[in-house]
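Below: the structure, in structure tokens.
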Amino acid sequence: DARVTQTPRHKVTEMGQEVTMRCQPILGHNTVFWYRQTMMQGLELLAYFRNRAPLDDSGMPKDRFSAEMPDATLATLKIQPSEPRDSAVYFCASGPWTGGGNEKLFFGSGTQLSVL
Amino acid sequence: KQEVTQIPAALSVPEGENLVLNCSFTDSAIYNLQWFRQDPGKGLTSLLLIQSSQREQTSGRLNASLDKSSGRSTLYIAASQPGDSATYLCAVTPRGYQKVTFGTGTKLQVIP
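Same order as they appear, the protein sequences are chains A and B.
If you want our numbering, it's the 1-based position in the first sequence plus 52.
If you want our numbering, it's the 1-based position in the second sequence plus 994.
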């Protein structure tokens, strides 16, 4: 079965360190989302891309977060420097935008980030 | 700004009971609405998708309805089973497929 692959599954790091999370979207999906999930805020949209172009990253703290799609098979989310408040589960999701209205969103298993 | 609310936040029912989960959204200009299931420590799995032009969708024991004019969707689960225990989230996609907004979820526990 096609699936969204995220690495690493778990990451523990110290405050101030750089963190890079990777996502391989489902082949053929042209839209990729990054979400952050916490108990307090639920699922927050950080950024999303269509055809590798960033459409919106207004949900990200610009001074420390960056998101890119170097190619159609890889999306990255970087945090530099990391802070304890960044501790959360980060999800990548992909979907096929066709304009038909029936495009489902497929999620990866997430990266559990703990910043000490 | 689209806001999505789910009530109740948590629900506990005995096995076999039929139940309804609610989702409300503030902007009716939507493209579609999806219901997801999330198991602890896992990602989200899409259960049902209702397009803007549709009123409901069914999959097995699940039925989702959509009333855009009132900004509401419901997920009906028939004959609940312990395996249905999970968090259920609804997500609204606005026109243009941008900024898919999620509700905070309803945590369901089905007691054997």
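We put the beta carbon where it would ideally sit given N, CA and C, even for glycine.
What would DSSP say about residue i, mapped onto helix, strand or coil?
i	result
P106 of chain A	strand
G147 of chain A	strand
G160 of chain A	coil
P1008 of chain B	strand
Tell me which same chain residues have a C-beta within less than 6 Å of the C-beta of residue i, skipping the five on either side of it?
i	result
L1043 of chain B	N1026, Q1028
R74 of chain A	T59, T128
E1108 of chain B	In the structure as shown, chain B starts at 995 and stops at 1106, and residue 1108 of chain B therefore has no counterpart that could be examined.
T90 of chain A	A140
A99 of chain A	W86, D109, M112, A119
A1023 of chain B	R1089
Among residues of its own chain, excluding the 5 on either side of residue i, which ones have a beta-carbon nearer than 7 Å to its beta-carbon?
i	result
D132 of chain A	Reading off the sequence shown, one finds Gln at residue 132 of chain A, where the question assumed Asp. Excluding sequence neighbours, Q132 of chain A sits near E70, R116.
S1006 of chain B	Q1103, I1105
L97 of chain A	F85, Y87, G111
K156 of chain A	G147
Taking the alpha carbon of residue i as the point to measure from, which residue in the options has its own alpha carbon closest?
i	options	result
T61 of chain A	B:E1011, B:Y1082, B:G1037	Looking at the sequence shown, residue 61 of chain A is not Thr but Arg. Ranking B:E1011, B:Y1082, B:G1037 by Cα distance to R61 of chain A puts B:G1037 first.
T83 of chain A	A:N103, A:T163, A:G68, A:T72	A:N103
A105 of chain A	A:Y142, A:D138, A:P122, A:G153	A:P122
G152 of chain A	B:F1096, B:T1087, B:T1095	B:T1087
M67 of chain A	A:F158, A:S134, A:D138, A:E120	A:S134
R1049 of chain B	B:L1056, B:T1039, B:K1062, B:L1041	B:K1062
P77 of chain A	A:F158, A:Q93, A:Q164	A:F158
Please list, in chain order, all residues of the same chain as residue i whose beta carbon is under 8 Å from its beta carbon, the five residues on each side excluded.
i	result
P1076 of chain B	E1009, V1104, I1105, P1106
L1013 of chain B	L1005, V1007, Y1070, I1071, S1074, L1102
On the DSSP bridge list, what partners appear for residue i?
i	result
L126 of chain A	A:D123
S1018 of chain B	B:T999, B:R1066
Quiz item: Whole beta strand (DSSP E) runs in the segment 1020 to 1048 of chain B with 3 or more residues, listed along the chain?
Solution: 1024 to 1032, 1038 to 1045
Quiz prompt | Contiguous beta strand (DSSP E) assignments of at least 3 residues, all confined to the segment 60 to 111 of chain A | solution = 62 to 65, 71 to 76, 83 to 90, 94 to 102, 105 to 108
Self-check item: alpha helix (DSSP H) runs wholly inside the segment 1052 to 1100 of chain B, at least 4 long, in chain order
Solution: none
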